[in-house]
Each structure stands twice: as structure tokens, then as C-alpha cells.
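Reading the sequence shown from the start, the letters are residues 1 to 549 in the UniProt record's numbering.
Below is one structure, written out as C-alpha cells, with a few remarks after it.
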Amino acid sequence: MYSSNDLYTNPKPCKHLAEYKVKNGMCGYNLIQDCFRTTPYGRTTLEMSKLEIPRCSVCSGCQGRLYMCLICSSVFCCLSPESNHALLHSQSQDGHEILVDMERAELYCSVCCDQVYDPDFDKAVMCKHIKGFSRSENGVEESEMRLNKRRRLSFGMDLDSKNMKRLFIRKSKSCFPLGLRGLNNLGNTCFMNSVLQVLLHAPPLRNYFLSDRHNREICRKMSTDRLCLPCDIDLMFSAVFSGDRTPYSPAQFLYSWWQHSENHATYEQQDAHEFFISMLDKIHDKEGKASLAIKDNRDCQCIAHRAFYGLLRSDVTCASCGFTSTTHDPCMDVSLDLSACNSSRKDFASKSSKPNESLVGCLDLFTRPEKLGSDQKLYCENCHEKQDALKQMSIKKLPLVLCFHIKRFEHSPTRKMSRKIDCHVQFPLSLDMKPYLSSSIVRKRYRNRIFSFDSDESDVSTEFEIFAVVTHSGILESGHYVTYLHLRNQWYKCDDAWITEVDEEVVRASQCYLIYYVQKMLYHKSCEDFSCQPMSLRADTFVPITGCC
């Protein structure tokens, strides 16, 4: 880790990695440090030679995943469990169990057949990108302007921690708000980091966890679960809002999430929206049980539902007699189609640029009456037969935090093709949701003839302020997620470990995927409650950052 942090616990390494560290220390890590290559999207690979394609030392093949031994630097492939030359090598050579995945620059144990995590290895990868550093005799990276020994001992931090902070917290025109802290990419985890930044700064969740509403000590005593996702989230809130500015590695959280969502336990790139929904589901699974036991009502009182729960209304109207069938569906977000994709379905494979869209236009499309197809006819209870029908969506109940999911990824079952819609979506900083509420939609449908409307809308404000935007750049198969946070009238770009101030034009020029609004009352209260002064829970370990208070 970049600095000592009592709040963070590293996952225990496998016994083979532990034995390797005892025998070889940091030697292998330092020898390959110059071979790390990082793309602009933050993906790191191990490149031994720019001219030669790496090949397996046994079969000379270059297919499948390739691994390099940290002891002898030989390269081996692993095409399948039956053709695992990396495992054969470790079986023939004692102590050669630990290798490096060349494509992902991650540690791999050939005996356990799994990725293993070592914070010292992550540090070796990240130190590669720090300019102006020289290597000491014991292999530890040191700054050219060394800190004196007494300060190193009293602060209990790594020698290069101050320079680490200068790298990841770029110089800014003003001080950074408390809680802005980069998150290290643990291997194609930008989708996770982007959503975590949103949840860390969503006022209801932030207030809940920072006010100790989920107490880790009490939870451990009362629960038999070895892994608790809300506990790991609470741990992350404590670390991020401690005042420490060095990038935080959410490895413990990632491990816990994998245990709760085994189908997502992979280092492959994943969808940020799916991760967001999965996160809320897992929080509900843990918190919802306790809250429902205390409060006996129909609505779940877990923090996930209290913050994001809304209700959609669907009206299907018979085109013959006007009979309307109404259903209500709970939602944690609102998925919006782009009108540009509707006008180009016949030319699905076309790569022509799409015109700019607007969030208001997408909401108008969402609430617009839609004629159902011949295969979706409504069985009218009044006509007693299937009839053509119109369907109209509206919002029955607004949540405290409103998430809009822009449907950028489109799939065609007939053509068996997928594509990403690359148009830009303009969005307002302030949004009034009143025109899209069920009461407004129904009144408009009946020409304002209805003067009273039984609804849950009156007790919820309809005015919202934007506080986060998750963007996706790149193509459908591979891309990169970045979060922009709007805090105290300033935009901040959260690109994994890097935090920078940006202008509003930069945010608007990006391809937004998830847009988050919070009720205006909560937004302004949030700005008043949290100043930009970085206050550390361990004040003696805080070092001022260039460009920050």
C-alpha cells in the first residue's frame, strides 16, 4: 500500500506467494518494473520486447493467456486445464510457482490456478509511472528530495508517499473537497471505480455510513457471515473521508463483492450499470432483512431503497373503447432510449455519426404514448377481446437520488450484431421532474379534466441537481469508464487513481452513460455540511498536497 492505513486489511496471499516473498523479497518485482506498459485508458501490460511476439517456452505458441515466471523469466501458455504449460513448469522447477499475467500485469499462482494479490506488486507497477525517482539499494523507490529519517518514522509512511500524492492529485486552482480520493485500478475495474465514486458522494449513502449507521463491530458480533458487503463499504467510506489523498485500493471490497456475486468474479471488463444494480441488490440483501424486521410496512427501509427506490406507472389503453389497465413497477433507475437509435434501426450497421441528444428529449420519448405491435394486443376487460392498444409510461414516485441509464449499447437478435451509439447527450444541471410525474401525464392525457389525483408525489420534491456523471469512451468490446463529480459548483474528473479539476465543457463533450441527480434540498445541504478542508482521522499522518489546502 502507498501509506499505512489501519482501516484497510489486505486479502491474505496464497502460501506459494508467501513463500516466494520470503525467499526473494522484491527482487523479481523490481527486475520487471521497466517492462510495464500502460495505455491511456490505464490498462497495464508486461512487454518484454517491442519487436518480438512473446511465445511459450514449451510449445512456441502465442495463443491464449501467456505468463512469465518471476524466477527464470521464461514464458508459458495456459490454453486449457489440459494444456497448462505454466503448471508443468512449476511442477518441474521447485519455487517457480509465481508468474505474471503478461496481458494484465497481474500476479498468478500456477498451482492455485488463480490470480493472487500483493500490494507490493501494485506499488511496483504504479511507481513505474513516477518521474524523477531513483532506485535505492534495497529496491524501494525514493524521491530525489528525500524526507529525513525522523519524519519518516514519525509519519509511518512510505518514502515516496508525498510524491505519490503529487502524481495522483494534480495541481488545482482551489482546494479539493473532503472525500475526493482516487481508486486504484485492480485489473479492468474502471467500471467498479466509476460507480463507487458515485456512491461515495451520494448524500444519502454518505450521511448513512459516515454517521455510523452501519457499525462494523456490532455487525460482526450479531452476524455469522464471514463477509459483509456493507461492512466493506463502511470501511471504504472511512478510508476515503479520512483526509488521506493517496489512491485507495478497494481490493477487500472487490473480493467481498466477488464472493456475493460469483457470476461477476472475473477480471474481464464489465458493465457499469449492471454493477450499480448488483451493488444495490447486495446492500438490500443485507440491510433490508434487519430494517424490515424493525419497521413493519410495505416499503423496505434499507439505505439502498431509501436513496434510489422509485415507482414507475404503466398505462395500457384500449384503442377501441378507451379502457385503461394500470400497473406499477418498482425501479432503482430509469433506462432511457436515444431517439437517434429509433430513427436508424433499418440501418443498424451504419457507422454514421448520430446527432446530439438531450436528456429532456429522452424523457419526453420515455413518457410519450407508444402504439403496441400486433403481437402485443391488450385483452380489454370492457370489450372482452384483444384490441390494439397504446402504452404510456410515467413516474409515480420519485427517489431521493435519481439515476438515468442511457441505453448506448444496442443488440439485434435478428442480425446477431451489437453496437454502441456514440452521440452526445446534453443534460441540465438543474432538472424539474414535474412534467414526467404520473399526475402531470394523466392530467395532460385527459386535457386537464382531473383536478385531484391520488398519489405519493406531493411529499417529494420534484427539483433535482446533478452531482455525478459516469461516461464511457471507446468501443463496445473494450472501453473505459470515468466519473465526473459536481461538488461545490466545480467539476472533478475521477479517472481511477487520478483526480483532476475540469471545466464543464469537458463533461458535456464526453459520452455520458449514467447520470445522477439528487433532490435539490439534499444537494445544497450537502454542500453546506462538507467543507473543502481535508480533515484526517489520523491528523499526524497527513501531508499537505500541492494545490490543496
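Note that the Cβ used here is the ideal one computed from N, Cα and C, for glycine as well.
Predicted model only: the values in this text are computed from it and were never measured.
- Task: Give, in chain order, every unbroken run of the alpha helix (DSSP H) that is at least 4 residues long and sits entirely within the stretch 429-513.
- Result: Counting whole runs of 4 or more residues, the stretch 429-513 contains the alpha helix (DSSP H) stretches 438-445, 504-508.
- Task: Could you check the C-alpha separation between Tyr446 and Gly322 for me, to the nearest Å?
- Result: Each residue's alpha carbon lies about 11 Å from the other.
- Item | Gly179 versus Gly187, Pro203, Ile283, residue with shortest Cα-Cα distance | Measuring from the Cα of Gly179, the nearest candidate turns out to be Pro203.
- Query: With 16 other CB atoms within 10 Å as the buried threshold, where does His260 fall?
  - Reply: Classified as buried, His260 has 16 or more neighbouring CB atoms from the shown chains inside 10 Å of its CB.
- Going along the chain, which residues of its own chain have a beta-carbon closer than 6 Å to the beta-carbon of Ile71, five neighbours each way excluded? Around Ile71: His96.
- Own chain, CB closer than 6 Å to Pro399, minus 5 neighbours either side, in chain order: The answer, listed in chain order, is Phe308, Tyr309, Gly310.
- Query: How far does the beta strand (DSSP E) with Ala389 in it reach, from first residue to last?
  - Reply: 389-397 is the span of the beta strand (DSSP E), which, as asked, contains Ala389.
- Task: Mind the definition here: the stretch 422-433 touches the stretch 512-521 only if three or more C-beta pairs lie below 8 Å; say whether that holds.
- Result: Taking 8 Å as the limit for Cβ pairs, the verdict is that the stretch 512-521 does touch the stretch 422-433.
- What does a CB cutoff of less than 8 Å around Asn356 pick up in its chain, not counting 5 residues either side in sequence? Excluding the 5 residues flanking it on each side, Asn356 has same chain C-beta neighbours closer than 8 Å at Cys423, His424, Val425, Gln426, in chain order.
- Message: Within the continuous beta strand (DSSP E) that includes His214, where are the two ends?
- Response: Careful: His214 lies outside any beta strand (DSSP E) and carries neither H nor E.
- Does the separation of the CB atoms of Ala497 and Thr483 fall below 8 Å? Going by beta carbons, Ala497 and Thr483 fall outside the 8 Å limit.
- From the DSSP output, in three-state form, read off Phe323 for me. In this structure, Phe323 counts as coil in the three-state DSSP scheme.
- Query: Under a three-way DSSP split, which group does Arg220 fall into?
  - Reply: In the three-state reduction of the DSSP assignment, Arg220 falls in the helix class.
- Task: Please name the residue in Ala124, Ser438, Ser83, Asp101 whose C-alpha comes closest to that of Met27.
- Result: Reading the sequence as shown, one finds Cys at residue 27 and not Met. If we check each option's Cα against that of Cys27, Ala124 comes out closest.
- Endpoints, the beta strand (DSSP E) within which Ser80 is located: Here the beta strand (DSSP E) through Ser80 covers 75-80.
- Task: Out of Ser242, Asn215, Glu47, Val240, point me to the one whose CA is closest to Cys231's CA.
- Result: Here the closest residue by C-alpha is Asn215.
- Taking DSSP as the reference, what is the three-state secondary structure of Lys407? Annotated three-state conformation of Lys407 is coil, per DSSP.
- Item | DSSP beta-bridge partners of Asp114 | Paired residue(s): Cys109.
- Item | For Cys35, three-class secondary structure by DSSP | Residue state, collapsed to three classes: helix.
- Task: Return the chain-ordered list of same chain residues with a C-beta closer than 6 Å to the C-beta of Asn382, the five sequence neighbours on each side being excluded.
- Result: Around Asn382: Cys321, Phe323.
- Task: Could you check what DSSP says for Leu363 in three-state terms: helix, strand or coil?
- Result: DSSP places Leu363 in helix when its eight states are reduced to three.
- Message: Considering just the uninterrupted stretch of the beta strand (DSSP E) at Cys190, what are its terminal residues?
- Response: That residue, Cys190, is in no beta strand (DSSP E); its alpha helix (DSSP H) goes 190-201.
- Task: Note down the Cα distance separating Leu200 from Phe241, rounded to an integer number of angstroms.
- Result: Their Cα atoms are separated by approximately 9 Å.
- Query: Residues in its own chain within less than 7 Å of Lys407 by CB, not counting five upstream and five downstream?
  - Reply: If we look at Lys407 and ignore the five residues flanking it on each side, its Cβ neighbours are Ser335, Leu336, Asp337, Leu338.
- Arg65: first and last residue of the uninterrupted beta strand (DSSP E) it sits in: Segment 65-69, the beta strand (DSSP E) holding Arg65.
- Classify Val100 as helix, strand or coil using the three-state DSSP reduction. Note: Val100 maps to strand in three-state DSSP.
- Message: Quick check on this structure: which residue in Val58, Tyr255, Cys78, Leu363 has the alpha carbon closest to the alpha carbon of Leu229?
- Response: Looking at Val58, Tyr255, Cys78, Leu363, the one whose alpha-carbon comes closest to that of Leu229 is Tyr255.
- Alpha carbon of Cys112 to alpha carbon of Pro81, nearest angstrom: Computed Cα separation, rounded: 12 Å.
- For Leu312, write down the residues that DSSP places opposite it in a beta bridge. DSSP, once it has assigned bridges, lists Asp329, Ile395 as partnering Leu312.
- Opposing strand residues paired with Arg306 [DSSP bridges]: DSSP output for Arg306 lists no bridge partner at all.
- Task: Let me know the secondary structure DSSP gives Leu400 once reduced to three states.
- Result: Of the three classes helix, strand and coil, the one that applies to Leu400 here is coil, per DSSP.
- Query: Excluding sequence positions up to five away, which residues of its chain have a Cβ less than 6 Å from the Cβ of Ser531?
  - Reply: Reliability of the predicted coordinates at Ser531 is poor, the pLDDT of 46 falling under 50, and the value obtained from them is presented with this limitation in mind. In the same chain as Ser531, and ignoring 5 residues on each side of it, no C-beta atom comes closer than 6 Å to its own.
- Query: Is there contact here, the stretch 363-380 with the stretch 298-305, by at least three beta-carbon pairs under 8 Å?
  - Reply: No: the two stretches stay apart, fewer than three of their Cβ pairs being nearer than 8 Å.
- Relative to the alpha-carbon of Arg508, which residue among Pro13, Gly479, His480, His472 has its alpha-carbon at the smallest distance? When only C-alpha atoms are compared, the closest one is His472.
- Item | Strand pairing of Glu370, partner residues [DSSP] | Residue pairing by DSSP places Glu370 opposite Lys391 in a beta bridge.
- Beta-carbon contacts of Ser90 that lie in its chain and below 7 Å, excluding the five residues immediately before and after: Leaving aside the five residues that flank Ser90 on each side, the residues in its chain whose CB is nearer than 7 Å to its CB run, in chain order, His96, Glu97, Ser110, Val111.
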